[in-house]
Ligand SMILES: [Zn+2]
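In the working numbering, the protein residues as written are -13 to 68.
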């Protein structure tokens, strides 16, 4: 999947409220094919439990969580464009 497509998908996940923070760097993401767990370890590295991440070390779920945390940190309204 091209990076731009990945981004579009991640944005859609965030906007439809399918990213849920469980606290302590753990997130639940409801993807199109199942619910996955996205975790940030103490070094700041992200990982996801989906098959796509295991293959490519990146996926729309991790991207969605990063988008969400970035938009929160900046404290900007929801219409922020990425
Ligand atoms: Zn994933």
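From the three backbone atoms N, C-alpha and C, an ideal C-beta is built for every residue, glycine too.
Next on the checklist: So, with DSSP's three-state summary, where would you put residue 17?
Outcome noted: Residue 17 falls in the coil class under three-state DSSP.
Item to check | Among 55, -12, 47, nearest to residue -4 - alpha-carbon criterion | outcome: It is 47.
Item to check | Simplified DSSP assignment, three categories, for residue 71 | outcome: The question about residue 71 has no answer, for the chain in this structure spans -13 to 68.
Checklist entry - Rounded to whole angstroms, how far is the Cβ of residue 25 from the Cβ of residue 12, which I believe are closer than 8 Å? => result In this structure residue 25 touches residue 12 by the C-beta definition: roughly 5 Å separates them, less than 8 Å.
Checklist entry - Could you give the distance in angstroms between the alpha-carbon of residue 51 and the alpha-carbon of residue 31? => result Distance between the alpha carbons of residue 51 and residue 31 is about 12 Å.
Item to check | Delimiting residues of the beta strand (DSSP E) encompassing residue 7 | outcome: In the DSSP assignment, residue 7 falls within the unbroken beta strand (DSSP E) covering 5 to 9.
Checklist entry - residue -4 lies in the alpha helix (DSSP H); which residues open and close that run? => result Note, residue -4: alpha helix (DSSP H), -11 to 1.
Next on the checklist: From the DSSP secondary-structure annotation, give me the bridge partner or partners of residue 24.
Outcome noted: Assignment of beta-bridge partners to residue 24 by DSSP yields 13, 34.
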